[in-house]
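For the sequence shown, the working numbering begins at 1046 and goes up steadily by one.
C-beta atoms are modelled at their ideal positions from N, C-alpha and C, and glycine is treated no differently.
Because the structure is a prediction, the values reported are computed rather than measured.
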Amino acid sequence: MTKTLSDRIPGQTRPAQDESPRYTKSPHDGNPQHTKPAHDGIPQYIREIDAYIPGKPVEEVERELGIRAIKLASNENPLGPSPMGVEAAKRALGEANRYPDGGSYYLREALAKRLEVPRQNIVMGCGSTELIHVAASVLLGPGESAVTSEGSFPLYYVAIEKMGAKLIAVPLKDYAFDLDAMARAIEPETKLIYVANPNNPTGTVFDADAFAEFLAKVPERVLVVMDEAYYEYVAMANYSRSIELVREGKNILVLRTFSKVYGLAGMRIGYGIGPAELLTEIDKIRLPIPVSGAAQAAALAALDDFEHVRRSIEVNRDGLAQIGKGLREMGVKFVPSVTNFILVEVGEGADALAEEMLKLGVIVRPMAWMGFPRAIRVSVGTAEENDAFLRALGQLETGAASAKRGVSGRG
Ligand SMILES: Cc1ncc(COP(=O)(O)O)c(C=O)c1O
């Protein structure tokens, strides 16, 4: 089945809050900068993609509402950036008049050593999201298809559809990737598969054996992009052997990021580990210098900031337990998570609930735009921030507000 975002997502509305995206298909909205001739020259398959409209900055929302807000909306590291990374970035800024190393030599060298793969198997990106896009750019075209899951990271859908390729989105099963159904969905025209492990926004995971079984069913010509953005947080035994698979020469591109456990989301830097031949082709078509010098320096230093990584994982583990306990006590249904966020099934009116939480100074994401109209997603914060979230939710769930929203029970 081929679907666009708006087919999948019922009632896409969004409260006025930080960067939560809103998708729309109507470019001629009265804005004089939207000129019809320019629009008409753009391929139909691009015009059909739902546009991402960035929300207001948190500071602006705070100013408008006269509040101080706690941001638990974008799965960021609540402890801040790696201090060693910040120091290195500051030093690198002194060289900002120079173009940085487009090949990220030292960083790829360090990652190669850490992961025990040749440097030629590593590619840096302007966030791992850039690599999601370039994988589609080198592989897909009209008449071809790519497989992923419904209820997953929306950038996969955009990466596929921007190439004029067919998006095959397989439904989730119990909030998790249905790998069997995904293998069955592969067509002769399929060139690419995106899997998120763990998945955003459900926080679910499959183990290395399940993935090996899946990979055995995927024809060799199909590239599997294995997105492990939350890799460092996952405490499960037998979680991933993805790097081994790259070493064995499998057609798989593993994606990881400095945005989460290293706290460098604002620097925009992630990396991929995959076949050297694929990375050579990617290098030909992308921007020559995708990652800034400050980002490269920050990431290189953050890799050795073991104390920050250790604390980040610990605070997240405790936060997951704290939020889980609080939700259970309130009788609110949620999906157990191995990541740094939790999908909470609040029932009907999830959008309105997120809006009301914002007024109480807690920013969470309503999840209709990601395919879960009865849910919000909360990122794990510090203990105090998690408490504030639970207090605000408790207040709304027991108060008149929930009656006004017409909450019909648990999701
Ligand atoms: C599934 C998934 N992939 C990738 C990313 C990371 O993106 P980036 O490395 O570009 O910050 C995220 C971040 O939210 C994510 O949830």
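**Prompt:** Comparing alpha-carbon positions, which option in Phe1379, Arg1159 and Val1391 lies nearest isoleucine 1288?
**Reply:** Arg1159
**Asked** serine 1173: beta carbon under 7 Å from a heavy atom of ligand 1?
**Response** yes
**Residue burial classification, methionine 1281 (beta-carbon count within 10 angstroms, cutoff 16)** = exposed
**Asked** Would the C-beta of alanine 1221 count as close to ligand 1, meaning under 7 Å from any of its heavy atoms?
**Response** no
**Request:** Using 7 Å as the cut-off, classify the Cβ of glycine 1315 as near or not near the heavy atoms of ligand 1, replying yes or no.
**Result:** yes
**Asked** Start and end of the beta strand (DSSP E) containing serine 1149?
**Response** Premise fails: serine 1149 is in no beta strand (DSSP E) and is neither H nor E.
**Message:** On a Cα-Cα basis, can you pick out the residue from Glu1273, Ile1238 and Asp1254 that is closest to arginine 1266?
**Reply:** Ile1238
**Request:** Look up threonine 1247 in the DSSP assignment and say whether it is helix, strand or coil.
**Result:** coil
**Request:** Return the CA-CA distance between lysine 1449 and glutamine 1341, expressed in angstroms with no decimal places.
**Result:** Bear in mind that the predicted position of lysine 1449 carries a pLDDT of just 48, short of 50, making it too unreliable to give a figure here.
**Asked** If you measure from the CB of threonine 1247, is any heavy atom of ligand 1 nearer than 7 Å?
**Response** no
**Request:** Just mark methionine 1350 as buried or exposed, buried being the case when its beta carbon has 16 or more other beta carbons within 10 Å.
**Result:** Checking the displayed sequence, the identity of residue 1350 turns out to be aspartate instead of methionine. So aspartate 1350 ends up on the buried side.
**Prompt:** In terms of alpha-carbon separation, which member of Pro1381, Pro1163, Val1168 and Leu1138 lies closest to serine 1149?
**Reply:** Val1168
**Request:** Report yes or no: do three or more beta-carbon pairs, one from the segment 1226–1245 and one from the segment 1179–1191, lie closer than 8 Å?
**Result:** yes
**Request:** With DSSP collapsed to three states, give me the class of arginine 1362.
**Result:** helix
**Backbone CA spacing between alanine 1214 and serine 1197 [nearest angstrom]** = 9 Å
**Message:** Quick check: proline 1333 and glycine 1172, are their CB atoms within less than 8 Å of each other?
**Reply:** no
**Asked** Any chance the CB of aspartate 1252 is under 7 Å from a heavy atom of ligand 1?
**Response** no
**Asked** Can the beta-carbon of leucine 1124 be found closer than 8 Å to that of valine 1409?
**Response** no
**Asked** Mapping DSSP to helix, strand and coil, what is isoleucine 1469?
**Response** Since the first residue shown for the chain is 1046 and the last is 1456, residue 1469 is missing from the structure and cannot be characterised.
**Message:** Please return the same chain residues whose Cβ sits closer than 7 Å to the Cβ of proline 1088, not counting the five positions on each side in sequence.
**Reply:** Gly1209
**Message:** Checking the sheet assignment: what are the DSSP bridge partners for methionine 1271?
**Reply:** Val1240 and Val1299
**Inter-residue Cα distance where the pair is tyrosine 1068 and alanine 1437** = Low confidence applies here, because tyrosine 1068 scores a pLDDT of 46, under 50, leaving its location unreliable; read the following figure in that light. Computed Cα separation, rounded: 28 Å.
**Own chain, CB closer than 6 Å to methionine 1227, minus 5 neighbours either side, in chain order** = Val1192 and Val1215
**Euclidean distance between Cα positions of leucine 1345 and phenylalanine 1379** = 36 Å
**Request:** Rounded to whole angstroms, what's the CA-CA distance from serine 1337 to threonine 1443? Just pull it up for me.
**Result:** 48 Å
**Message:** Less than 7 Å separating the Cβ of asparagine 1122 from some heavy atom of ligand 1?
**Reply:** no
**Request:** May I ask you to report which of helix, strand or coil DSSP gives alanine 1096?
**Result:** strand
**Request:** Assign proline 1411 to one of three DSSP states: helix, strand, or coil.
**Result:** strand
**Request:** Have a look at Ser1285, Asp1432 and Leu1435 and flag the residue whose alpha-carbon is nearest the alpha-carbon of aspartate 1254.
**Result:** Ser1285
**Prompt:** Exposed or buried, which one is asparagine 1242 when buried takes at least 16 other CB atoms within 10 Å?
**Reply:** buried
**Prompt:** From Tyr1220, Leu1348, Gly1248 and Glu1390, pick the residue whose C-alpha is nearest to that of arginine 1373; which is it?
**Reply:** Glu1390
**Residue(s) in a DSSP beta bridge with alanine 1420** = Glu1390
**Rounded C-alpha distance that separates lysine 1295 from valine 1263** = 11 Å
**Burial state of alanine 1347, where buried means 16 or more other Cβ atoms lie within 10 Å** = buried
**Prompt:** What residue from Asn1120, Tyr1151, Pro1199 and Pro1082 has the CA that sits closest to isoleucine 1094's CA?
**Reply:** Pro1199
**Request:** Rank Leu1298, Thr1302, Tyr1307 and Arg1355 by C-alpha distance to the C-alpha of isoleucine 1327 and give the top, closest one.
**Result:** Leu1298
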